[in-house]
Each structure stands twice: as C-alpha cells, then as structure tokens.
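Here the structure comes first, spelled out in structure tokens, and everything after it is commentary.
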Amino acid sequence: MTAPRDTAIDIALLDAEGVRPQVAAAGAAIAPAPDARTNIFDLDRTGLEDFFEQKLGEKRYRAHQVMKWIHHRYVTDFDQMTDLGKALRAKLHEHAVVRAPEVLLEKPSADGTIKWLIGMDPKNAIEAVYIPDKGRGTLCVSSQVGCALNCSFCSTATQGFNRNLTTSEVIGQVWVAARQLGNLPHQRRRLTNVVMMGMGEPLMNFDNVVRAMNIMRDDLGYGLANKRVTLSTSGLVPQIDRLGEVCDVSLAVSLHAPVDELRTELVPLNRKYPIEMLMEACVRYALRKKGASVTFEYTLMKGVNDQPQHARELARLMRRFDNAVQMKDAAKVNLIPFNPFPGTRYERSPEEDIRAFQKLLQEARVLTTVRRTRGDDIDAACGQLKGQVMDRTRRQSEFRKRLAAGGGT
Ligand code: SF4
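Everything in the sequence shown is counted per our numbering, starting at 599 for the first residue and increasing by one.
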C-alpha cells in the first residue's frame, strides 16, 4: 500500500536488497494473450459443478476431483490428474485452463513473515503477506489493484484505483502462498487464517471476493473454518448486509475514529455511510449468528485520533454495540500503530500513548488488542503493501464518478 512504481524498477530495487527471484511453477504462468477457455480458478464448487455438467456434459463429482488436484496437491496440468480419463482430459484441454498468478518475487523476513510480489497481468502486480504466529499462519490477501476510497492515511489511496481482481487472482494469492509453504489442507496446515486486508476494498469487488472466500472455506479448497476467514471493510453498509445474506465469514471494520467529523476526514466514505448507519449494519451482521463478534480496527495516529477523549468515545460506541447484540465482548478493538509512508502527513502515536489508549478501553471493559508490527525488514506491515498501477488516473476518476452516483462493482 504505497505509491506506484514501475514494475521493472520495483524488481530491480528489491533485487538490490537481496530478494530471491522466483521462477513461476510449470503451468502457473500468466498467458500472454487472452484465452477464451474457462480458467478453473475462477469457479467455486457450485460454479465448477455447473461447468462440468453444462459445458462438458460430465457428472458433477468430476469437479470435486479437479478441485482436489488444484487446491490440495497444487497440480495445474490436466495430464497429471491421473484419476481423470483420457477423453475427459482432452475435453478439459479444449475448454478449460488452470492459470494461477505468477510469483515474481519472494521476500522472507527474519521473523518468519514472507511477502510475495505476484503478477496479475503484464502491467499489474500486487503483494500477499504471510505472517506466522504461535500455532497459526495468516495470509493477508488483496482484492483490488489500488483503491478508489481515498482514505487520507492509506498509502494505497495515493495510487488510485486500477481494477478489481478476478476470482482467480484473489484465490490465486492463497494458492501461491499455500504451495510455497507446502501447506496440505488436511494434514500439514501452515495456512490457518486468511484476512482480506490487503490492497483494495473487498466489498467493492463483491462477487469475485465471495466466490474466492467460498473456495477458502470449502473442504475441497483450503478447508478453513468460517471464523478463520476475515473480510475487512471500510464500511460499505449495503454490501455488509448483502454479505450477511450469502456468506458467513468474520467481519472486521476499519473504524479509525469514534465521531463522524474525524472519521470523514480519515475515511471519506463516512460521508455516505456515517458511524450510526455503519454500527447498525454491524449489529445486523453480528445478530445473524449466535456468538458472532465484529472486530473494529483503529489505526492510531499521533495527535489525530489517539487522545483520551477519543478512547472514551470509542469505548461508549463499543459498549452500545455489545448492548445491541446482547453479548459481552461482541465488539473487539484492534489498535494498529500507524505505519508512516513517504509523503504522508500523519505520524505514528508514541508507544506510551498507545498503551494509555489501550488501558482506557480496557478499563471500560472493551476487549482490546494491539497489532504487533511484523516483517519490518521487508516492509510487510499493514499499510505498506505495494502495487503497480498503470493508467490509473483515468480509471480512478471513472470509478469515483460511479461511486458518487451510488454504483458499486
Ligand atoms: S478502503 Fe482500505 S485500501 Fe482503500 S483507501 Fe481506505 S484504507 Fe486504503
């Protein structure tokens, strides 16, 4: 999430820092020209069953065999899928392809964090970050190249919006990481959690993100429990409701301020969906399922939103949420020390202010954690994901016009 740079320049810089260049796995390279065949990575279980039945005239269970080859064994060549007959393999070659994004670079950190630069097409690359921690391994995944929402403290916002990622590009990040980690979904689990917290607003790319999250949670995919897949949104109220109707995942909301005036300054989307509306949508989301909680992310910026009165307002908001959901600790606050980036006017809050803020929330009986910074040596911390955006100015203004007109993805 920083200012755009040319891909070639980026790669050269990273090489100079001692990054390990990666060669794409066989069958996983980006096709140079458009291919009319269906990319199987674009289909969740239902979509793939329909494809087998309607397009290939095959039994639906064939979809299950192919999903296991791809997501459990990382096989992308139909000829290596040995439980499929020769005739079916020939049909698949004719109508389908398994095309994952290409790993351009892998950058491991001293603390075990790994960052991948992943090529989406010849012009765009995004980053996915893996963060191992006591008994869990979390992958942070992007949903768009750039972002149109223009949050004032976010480096992704400085590069504007280029395009939504396809389903294959979202799930492809998980596939790439799982394969590189040697993850075996039902035996050796190195990837236990996925957070949609990378570049972009996932609810602006609703269908592709939901389809990808279906594959993450499917036993034929990555077999992650619903609560281990988290979608983080800046607060698109109608889409939060829609998400609750079609998909059961953990919800995180980028709040960053407890009052409207300040939140609008930090997250301009707040003008359209102010805090009261947003909190009501969060209550509806939590009430769908007994025991569900919502995480509220709060990036602490020196002298902006880190003062005692902000903590007290935030505590009030969180207690109201718990009361509305009628559950203790239904609201969880995750405090995130701000990661400065070139050109930003904000600064990280001093450590003692972060601790004082957390203490005030805890004294008000609000469940509060502070996110530890990881992968410092590889710029992997939240807010530092880099992406390549080309031709962004025109697309950014078109997208903002659509947003202002009330349009989504
Ligand atoms: S929605 Fe997220 S990615 Fe987009 S500008 Fe805001 S903080 Fe950045």
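The beta-carbon is built from N, C-alpha and C at its ideal position, and this holds for glycine as well.
Buried versus exposed call for residue i [16 or more other C-beta atoms within 10 Å across all chains shown]
| i | result |
| --- | --- |
| Q567 | What is shown of the chain runs 599 to 1007, which leaves residue 567 out entirely. |
| Y659 | exposed |
| T680 | exposed |
| D907 | Here residue 907 is Gln; the residue named in the question, Asp, does not match the sequence. Answer is exposed; the Cβ neighbour count stays below 16. |
| R826 | buried |
| P720 | exposed |
| E799 | buried |
| V807 | buried |
| G733 | exposed |
| A629 | Caution applies to A629, whose pLDDT of 49 falls short of 50 and renders its modelled position unreliable; the value that the coordinates give is listed next. Looking at its Cβ environment, which holds fewer than 16 other Cβ atoms inside 10 Å, A629 is exposed. |
| D640 | buried |
| H691 | exposed |
| G889 | exposed |
| D642 | buried |
| P783 | buried |
| G819 | buried |
| A708 | exposed |
| A723 | buried |
| K1026 | Not covered by the structure: residue 1026. The range shown for the chain is 599 to 1007. |
Minimum C-alpha distance to residue i - residue among the options
| i | options | result |
| --- | --- | --- |
| L779 | Y728, K887, C749 | Y728 |
| D817 | Q652, K666, K926, R969 | K666 |
| P866 | P730, Y672, D675, C749 | C749 |
| S891 | N806, M814, V931, L876 | V931 |
| N760 | G770, S766, C745, Q771 | C745 |
| L912 | A879, D677, A855 | A855 |
| L654 | D633, A685, R643 | A685 |
| S766 | G798, A810, A776 | A810 |
| Q785 | V792, V793, A776 | A776 |
| Q905 | R918, D677, V857, L737 | V857 |
| K887 | M877, E843, L876, R869 | E843 |
| T942 | T967, A922, Q757 | Q757 |
| G735 | E961, R671, R787 | R787 |
| I934 | P940, S947, L737 | S947 |
| L864 | N762, D920, M899 | M899 |
| T711 | D731, E949, F639, L682 | D731 |
| R687 | F650, L782, L801, Q924 | F650 |
| R882 | D633, K870, V923 | V923 |
| R860 | G901, A755, A823 | Correcting the residue identity first, residue 860 is Leu in this sequence and not Arg. Minimum Cα distance to L860 is reached at G901. |
| I769 | M802, L782, R815, T754 | R815 |
| E949 | L682, D920, I724, T971 | T971 |
| A954 | N903, W714, C738 | N903 |
| F939 | H662, T754, D951, T966 | T754 |
| H670 | M802, V774, D648, N803 | V774 |
| N781 | E945, T967, G821 | G821 |
| L664 | L682, Q960, L789 | For the record, residue 664 in the displayed sequence is Val; it is not Leu. With distances taken between Cα atoms, V664 lies closest to L682. |
Beta-bridge partners of residue i, as assigned by DSSP
| i | result |
| --- | --- |
| R808 | The question names Arg, but residue 808 in the sequence shown is Val. Looking at the DSSP assignment, V808 forms no beta bridge with any residue, so it has no partner. |
| Y896 | L933 |
| I668 | Note: I668 sits in no beta bridge, so no partner. |
| N762 | Q742 |
| W714 | E704, A726 |
| N791 | T736 |
| A694 | T636 |
| V851 | T831, F894 |
| T862 | Answer is none; T862 lacks a bridge partner. |
| L965 | K930 |
| L876 | Bridge partners of L876: none, in fact. |
| D731 | R734 |
| L958 | DSSP output for L958 lists no bridge partner at all. |
| L782 | R786 |
| R910 | Looking at the DSSP assignment, R910 forms no beta bridge with any residue, so it has no partner. |
| R946 | M899 |
Pairwise C-alpha distance: residue j and residue i
| i | j | result |
| --- | --- | --- |
| Q956 | I668 | 44 angstroms |
| D675 | T636 | 14 angstroms |
| G645 | S830 | 25 angstroms |
| N791 | K926 | 24 angstroms |
| G717 | E700 | 5 angstroms |
| L834 | G796 | 17 angstroms |
| R969 | C752 | 17 angstroms |
| A929 | V696 | 41 angstroms |
| Q586 | E895 | Nothing about residue 586 can be reported from this structure: the residues present for the chain run from 599 to 1007 only. |
| L1009 | A694 | This structure cannot settle anything about residue 1009, because the visible part of the chain is limited to 599 through 1007. |
| D805 | I813 | 13 angstroms |
| S852 | T897 | 8 angstroms |
| L763 | A884 | 28 angstroms |
| I1008 | V793 | Absent from the structure is residue 1008, since the part of the chain shown begins at 599 and ends at 1007. |
| Y871 | A850 | 16 angstroms |
| I873 | C880 | 10 angstroms |
| W714 | Q771 | 9 angstroms |
| T585 | M916 | Nothing about residue 585 can be reported from this structure: the residues present for the chain run from 599 to 1007 only. |
| E878 | D839 | 10 angstroms |
| V847 | T828 | 6 angstroms |
| A963 | N937 | The identity of residue 963 in the sequence shown is Arg, whereas the question assumes Ala. Cα-Cα distance, rounded: 27 angstroms. |
Mind listing, in chain order, the residues whose beta carbon lies closer than 7 angstroms to a non-hydrogen atom of the ligand SF4? Contact residues of the ligand SF4 (beta-carbon closer than 7 angstroms to any heavy atom; chain order) are M599, C745, L747, N748, C749, C752, T754, A755, M797, G798, E799, S832, S852, V865.
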